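Here's the structure, in structure tokens; my notes come after.
2 protein chains.
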Amino acid sequence: MIQDPTPKRTELSELGEFGLIDRLTAGLKPFNASTLKGVGDDCAVIDQGDHLTLVTKDLLLEGVHFDLSYAPLKHLGYKAAAVNISDIVAMNGKAEQMLVGISVSSRFSVEALEELYSGIRLACERYKVDLVGGDTTSSVAGLFISVTVIGRVSKEEVVYRNTARENDLICVSGDLGGAYMGLLLLEREKQVFKANPDMQPDLAGNDYILERQLKPEPRTDILEKLKKAGVKPTAMIDISDGLASEIIHISRDSGLGCRIYENKIPIDIVTADVAAEFEIDPTTAAMNGGEDYELLFTASVNDYDKLKDIKGIHIIGHMTEKVEGEYLISNGGNLYPIMAQGFDHMKE
Amino acid sequence: MIQDPTPKRTELSELGEFGLIDRLTAGLKPFNASTLKGVGDDCAVIDQGDHLTLVTKDLLLEGVHFDLSYAPLKHLGYKAAAVNISDIVAMNGKAEQMLVGISVSSRFSVEALEELYSGIRLACERYKVDLVGGDTTSSVAGLFISVTVIGRVSKEEVVYRNTARENDLICVSGDLGGAYMGLLLLEREKQVFKANPDMQPDLAGNDYILERQLKPEPRTDILEKLKKAGVKPTAMIDISDGLASEIIHISRDSGLGCRIYENKIPIDIVTADVAAEFEIDPTTAAMNGGEDYELLFTASVNDYDKLKDIKGIHIIGHMTEKVEGEYLISNGGNLYPIMAQGFDHMKE
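As they're listed, the protein sequences go chains C and U. If you count the first sequence from 1, position 258 lands on 258 in this note's numbering, and the numbers rise without skipping. If you count the second sequence from 1, position 313 lands on 1313 in this note's numbering, and the numbers rise without skipping.
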């Protein structure tokens, strides 16, 4: 029963998350005609005849994705639901059903789990998603949350990430970098609290970025605005790992290059202030911070007039030929290659 | 940011898994017309217009659901896939897509994960299921597997667990108790090995029950046989927690009682031999052992002639009025109330 000693050992950190998934799922060929899209977009896509089903799944682990010393359980539940709904939104779909798997150690009480579920249920109510399944087991240590969300979209309306076209405008919703600065703030106050438990946390005036970190909202409102304006994105993704990582997904998967203008990237004043306090370039927070759950999408230049006045949408660049590469044009006019330095749990 | 101290603390062990899920999901009302069935069957059921989508999700945790000292990674991957496919089979459906979430600590190598995935992929190939999504993250400690399977069934063919009728025959596929005896055997050899690492494990002749524990198979073949014989079960469930727990689900959810005859419960000779060695009543292993992943179903008495000669199907009892309760009729002719003592991870 003892397993063979493996002659070769490759560390997980050598591949990173995306490299690992590529390796584990290499060469898969679908057996079922209903399987339209597998690994490689925000959701898997299943053909139902007259419409499509979207399915997404995300894991959240204590000590890796969240820290219960500053993430209240209700917020955590809300976020676990929200980030999965966001994946459905990123395909231009409507989230309809959710399954939640939770593993907890006996350190948690029933009341603590009810608090967690109250956040999940709040997000479900807000986004009209039905909680249809649950699996709850004990764990040896810690809290583990696995959420699956199922959505629906018509065949005409679905938007993939690999369908951007040359010269398309690159647009982003809301503002970026806030969730990351909120995380740094919470981490700092945790250290202060550990050093001196009598000290009260100094979070006043920073509600906006704390909320960005603790209670992200899927941008269903942006989909509605685009629909109303008569704009269908040519490609779309949600920003979970930072703008850099996501625009590289769109560019490479579409076989194109891109240009993003630093001075067009939307950054809230609170984000900029706290970034200054931490001596971090706010552009770096936007490009590599992650967890903003805003929408990054491309649209035809012909839609420029329809897009330019939509509140909450910013045009930050355009797609190019592949040979032109992926570049950020700085405020000073210099070109910097865009590199994905998003939060890679495998490389931590 | 500090959470309010909770005045009341209820331990998870006070409620158990099903009680906890009931409490966490109490009062949920669906927002979407497509949501046909939520918590309370083997799968959630989604209306797609001309057919139904089935969705199921199960978690497997190291130290709770498996022990890597005797479960080879490839077998573990196969089992994680198989038990989810079995939930789709239990609704008379065809599993079509799978999403896999894995969290691992750096103690695991890429090669170890490939071994795990080779088992998942083997089960997917065997049951023609497409692996369409993956989420792989690091964990602080241990291995955590979350699998979601999506299936399809026509509206005419779907079988729920709450639709048994009075006087229906109770049937079971294969044989029971083997997976549990396999587990006891593996646990014993682990203790022997710990005490004396030079000792070779004594597992000879017990391949059948080891395979029952390490490599369960969803009974798609039984669905085919039933279809061929022209029998549609009136209610169905797969046996993950033991016969007692599952027949109680069917009985209570259908508002009925039941009678099961001890001498009709199919038990393999190897299971019986090892049970004797461990001084365990094989009926107890079948009733409460769990993890056999056989199908338990009810069928109309009018189908008796069609059922009685199908290889691999045993008629073990019948449904009664609710007031008659749930009883096992022993070989000696005594009535014993059936009690769910299945493997409840919350009560461990």
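Even glycine gets a Cβ: it sits at the ideal position worked out from N, Cα and C. Computed from a prediction, not measured in an experiment: that's the story for all the values here.
C-alpha gap between Val153 of chain C and Leu54 of chain C, whole angstroms: 7 Å
field: Short CB-CB distance (under 8 Å) between Thr220 of chain C and chain U
entry: no
message: Check whether the stretch 296-304 of chain C and the stretch 168-175 of chain C touch, using three or more Cβ-Cβ pairs below 8 Å as the test.
response: yes
field: Per DSSP, the bridge partner or partners of Ser103 of chain C
entry: C:Thr137 and C:Phe144
Within chain C, partners of Asp1241 of chain U - CB distance below 7 Å: Simply none; closest approach about 12 Å.
- prompt: Counting pairs of Cβ atoms below 8 Å between the stretch 93-109 of chain C and the stretch 191-210 of chain C, do you hit three or more?
  reply: no
message: Quick check on the DSSP output: the alpha helix (DSSP H) that includes Lys1079 of chain U runs from which residue to which?
response: Leu1073 to Val1089
- request: On a CA-only basis, which of C:Ile247, C:Met98 and C:Arg165 is nearest Asp41 of chain C? Give me that one, please.
  value: C:Ile247
Partner residues on chain U for Pro30 of chain C, Cβ-Cβ distance less than 7 Å: Asp1130
field: Interface residues of chain U facing Arg152 of chain C [CB-CB closer than 8 Å]
entry: Ser1034
- prompt: Hey, how far is the Cα of Glu1262 of chain U from the Cα of Gly1333 of chain U?
  reply: 9 Å
field: Contacts of Asp47 of chain C in chain U (Cβ-Cβ under 8 Å)
entry: What Asp47 of chain C touches in chain U: nothing, since even the nearest Cβ is about 10 Å away.
Residues of its chain near Ala1141 of chain U, where Cβ-Cβ distance is below 6 Å and the 5 sequence neighbours each way are ignored: Ser1105
- prompt: Can you list, in chain order, the stretches of the alpha helix (DSSP H) that have 4 or more residues and sit fully within the stretch 1194-1224 of chain U?
  reply: 1207-1214
field: Nearest residue (CA-CA) to Tyr1078 of chain U, options U:Leu1131, U:Leu1015, U:Thr1284 and U:Asn1092
entry: U:Leu1131
task: Use the C-beta contact count for Lys1037 of chain U: other C-beta atoms within 10 angstroms, 16 or more gives buried, fewer gives exposed.
output: buried
- prompt: At which residue ranges does the stretch 258-312 of chain C contain complete alpha helix (DSSP H) runs of 4 or more residues, listed in the order of the chain?
  reply: 269-277, 282-288 and 304-307
- prompt: With 16 as the cutoff for other CB atoms within 10 Å, does Arg9 of chain C come out buried or exposed?
  reply: exposed
task: For the stretch 5-19 of chain C, enumerate the residues whose C-beta is nearer than 8 Å to any C-beta of chain U, in chain order.
output: Thr6, Lys8, Arg9, Thr10, Glu11, Leu12, Ser13, Glu14, Leu15 and Glu17
- request: Below 8 Å CB to CB, which residues in the same chain sit around Val1129 of chain U once its five sequence neighbours on both sides are set aside?
  value: Ala1081, Ile1085, Ala1095, Glu1096, Gln1097, Met1098, Ala1123 and Val1149
- request: Run down chain U in chain order and give the residues with a C-beta less than 7 Å from the C-beta of Asp303 of chain C.
  value: Those within 7 Å of Asp303 of chain C in chain U number zero; the least Cβ separation is about 30 Å.
- prompt: Does the beta carbon of Ser1245 of chain U come closer than 8 Å to any beta carbon on chain C?
  reply: no
query: Is Val1064 of chain U closer than 8 Å to Ile134 of chain C when the C-beta atoms are compared?
result: Residue identity differs from the one stated: residue 134 of chain C is Gly in this sequence, not Ile. For Gly134 of chain C and Val1064 of chain U, no; Cβs fall outside 8 Å.
Alpha carbon of Met339 of chain C to alpha carbon of Ser1146 of chain U, nearest angstrom: 31 Å
task: Could you say which of U:Lys1029, U:Glu1011 and U:Pro1216 lies nearest to Leu1183 of chain U if we only look at CA atoms?
output: U:Pro1216
Outcome for Val1323 of chain U when other beta-carbon atoms lying within 10 angstroms are tallied against a minimum of 16: exposed
task: Please confirm if Ala1340 of chain U has its CB atom under 8 Å from at least one CB of chain C.
output: no
Residue closest to Gly1257 of chain U, alpha-carbon to alpha-carbon, out of U:Thr1163, U:Glu1157 and U:Arg1219: U:Thr1163
message: DSSP has Val989 of chain U in a bridge; who is on the other side?
response: Nothing can be reported for residue 989 of chain U: it is not among the residues displayed for chain U, which extend from 1001 to 1348.
field: At least three beta-carbon pairs within less than 8 Å, the stretch 1111-1121 of chain U to the stretch 1017-1036 of chain U
entry: no
message: Could you compute how far the alpha carbon of Gly1177 of chain U sits from the alpha carbon of Gly49 of chain C?
response: 42 Å
message: In the DSSP output, what is Met98 of chain C paired with across the bridge?
response: C:Leu131 and C:Val149
query: How many Å lie between Tyr1304 of chain U and Gly1317 of chain U at the Cα?
result: 12 Å
- request: Report yes or no: is there a C-beta of chain U within less than 8 Å of the C-beta of Glu86 of chain C?
  value: Reading off the sequence shown, one finds Ser at residue 86 of chain C, where the question assumed Glu. Output row for Ser86 of chain C: interface = no.
message: Quick check on the burial criterion: 16 or more other C-beta atoms within 10 angstroms. Buried or exposed for Gln1191 of chain U?
response: exposed
field: Straight-line gap, Asp58 of chain C to Ile222 of chain C (C-alpha atoms, nearest Å)
entry: 22 Å
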